[in-house]
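Enquirer: Residue numbers (the numbering used here): 811 to 951.
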Amino acid sequence: MADPLFLCTLLWFAISIAVLATLRRREQRAIQAQVRQIGQLANETNELILFLDYSAPGFKEIDAFLLTDMPSRVTVVFHAPEWLIAAKSKRWERHCVVSAGSLNASSSGVSPTRIILDKGGKYRVFHEVPAFLKLMSRSKT
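1. What first and last residue would you give for the beta strand (DSSP E) that runs through Val887?
2. Should Leu858 be labelled buried (16 or more other beta-carbon atoms within 10 Å of its own) or exposed?
3. Please confirm whether Arg924 and Leu860 have their CB atoms less than 9 Å apart.
4. At which residues does the beta strand (DSSP E) containing Ser909 begin and terminate?
5. Would you check if the distance between the CB atom of Asn962 and the CB atom of Asp928 is smaller than 9 Å?
6. List the whole-angstrom C-beta distance separating Val908 from Leu851, where the pair is believed to meet the contact cut-off of C-beta under 8 Å.
7. Rounding to the nearest angstrom, what Cα-Cα distance links Met946 and Pro814 in this structure?
8. Would His905 and Val884 be called neighbours here (beta carbons separated by less than 9 Å)?
9. CB-CB under 7 Å to Ile926, same chain, minus the five flanking residues each way: which ones, in chain order?
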């Protein structure tokens, strides 16, 4: 007969995998809904979507990348006062800037500064934005 401890461990493992799969599917659906909504607001779709908060620690560094080193067009979902969004929209003219306030989905519990990379419907989220942008600018040049 099988050991009860082994069976309990196996059951716990199976339940954990099922919960993890459910959470991942839910997260992917939420990201997909946000990407769709951003595409409708911006009237375009870009491979990179940058969620940027003006109070983030790396804002100045990210701002410098958006001004000079970005090899492709980026959709920037900017969380800032309207006057700052308008000013940065003019400075980041190569990119599409959307106000984060115009999104329906709440991002509670999610880091306000992150990048979503869209590869044909598969989404990857990166939270180390300055490091990702440095790597991307080096690899594209």
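Yeah, the Cβ is synthetic: ideal placement off N, Cα and C, and Gly gets one too.
Just so you know, these numbers come straight off a predicted model, no measurement behind them.
Expert: Well, looking at it:
1. 885–889 is the extent of the beta strand (DSSP E) around Val887.
2. Under this definition Leu858 is a buried residue.
3. Yes.
4. For Ser909, the enclosing beta strand (DSSP E) starts and ends at 906–909.
5. The requested residue 962 is not part of the displayed model; the chain covers only 811 to 951.
6. With 8 Å as the limit, Val908 and Leu851 qualify as a contact, their Cβ atoms being about 5 Å apart.
7. Taking the straight line joining both Cα atoms gives about 51 Å.
8. Closer than 9 Å, so yes.
9. Sequence-distant Cβ neighbours of Ile926 in its own chain, meaning closer than 7 Å and more than five residues away, are Ile841, Val845, Ile859, Tyr933, Val935.
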